[in-house]
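Numbering (our numbering), first residue to last: 24 to 154.
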Ligand SMILES: [Zn+2]
Ligand SMILES: [Zn+2]
């Protein structure tokens, strides 16, 4: 089990069971949403994710036809990436309060990565999505 929260703690969540993988998305939308070199998301089956506090604080932004990004409407912390064609969601890994431990990781959309970033770790790099 894992727990996490936004910067101001208005929103808290729990993830039951294991986190399957961690993806670092270098697409321009994830970079914008995180204000960072890339967005790191823990991939979690929908039924294992539970908001435990602050549901009314959750802001929702539809970033494309199938995709929704949520954030804390008070502090602005990025929280979730939901693609309604998939049965899992991405939880912004920087909001975890529990150590993640050893899980498989991957970089995706590396063709879109910021030119000031060099990927120097051992994880696979995919030009597009990981599938
Ligand atoms: Zn917050
Ligand atoms: Zn992305």
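Even for Gly, the Cβ is constructed at its ideal location relative to N, Cα and C.
- Where residue 51 is concerned, the enclosing alpha helix (DSSP H) starts and stops at 51-57.
- Check the Cα spacing between residue 72 and each of 145, 42, 152, 30: the tightest is with 42.
- Only residues of its own chain outside the window of five on either side were considered, and among them 129 have a CB closer than 6 Å to the CB of residue 147, listed in chain order.
- With a contact defined as Cβ atoms closer than 8 Å, residue 105 and residue 91 qualify at about 5 Å.
- Taking 7 Å as the cut-off, one finds at least one heavy atom of ligand 1 near enough to the beta carbon of residue 33.
- For residue 73, the enclosing beta strand (DSSP E) starts and ends at 72-76.
- 48 is the residue among 25, 118, 32, 48 whose C-alpha sits nearest the C-alpha of residue 142.
- Burial state of residue 124 is exposed, judged by a 10 Å Cβ sphere holding fewer than 16 other Cβ atoms.
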